[in-house]
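The structure appears below as structure tokens.
Residue numbers (this note's numbering): 2 to 136.
As structure tokens, then:
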């Protein structure tokens with residue numbers, strides 16, 4: 002999008018493959034960048050600290066786009082579900098068996114999405130819904 006502060010700069014698109022759907026993580030940053038999300042990528046799971054209960058929440062503050070939208074001038078956050086357990090309430094690193102950081106990088110769909118973006122500047126939800134990856 003054109004910046005109202007710097008209108009002479011060219012417009013651009015940005016997107017991020019996210020490994021964490023916890024709202025106070027990457028998505029807090031994405032919200033502050035006025036990112037949009039594809040409608041099937043907007044849920045996160047986390048554990049309540051006192052009870053250990055798993056809670057599924059819709060992420061707040063993101064304009065949602067239909068999954069078949071092609072984005073050319075916006076900031077897009079794309080979440081991947083790698084099958085990891087819900088994130089703990091405490092800020093602790095995952096163990097090696099449930100670390101999702103390599104998941105999107107190794108996902109053929111994420112690679113296809115990045116290839117489309119780098120070649121054309123277009124951001125598409127190539128996953129046909131929620132983006133999945135394996136640990």
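We put the beta carbon where it would ideally sit given N, CA and C, even for glycine.
Contact belief for residue 104 with residue 42 at Cβ below 8 Å, rounded distance in angstroms: At roughly 14 Å, the Cβ-Cβ gap does not stay under 8 Å, so residue 104 and residue 42 are not in contact.
Same chain only: Cβ atoms within 6 Å of residue 31, ignoring 5 sequence neighbours per side: 78
Nearest neighbour of residue 138, chosen from 93, 86 and 71 [CA to CA]: Residue coverage of the chain in this structure runs from 2 to 136, which leaves residue 138 outside it and unanswerable.
When 120, 97, 40 and 99 are compared against residue 61, the one with the closest alpha-carbon: 40
Close Cβ partners of residue 110 (< 7 Å) along its chain, the five nearest in sequence each way excluded: 127, 128 and 132
Proximity of residue 139 and residue 99 at Cβ, strictly below 8 Å: Given that the chain is displayed from residue 2 to residue 136, the structure contains no residue 139 and the question cannot be resolved.
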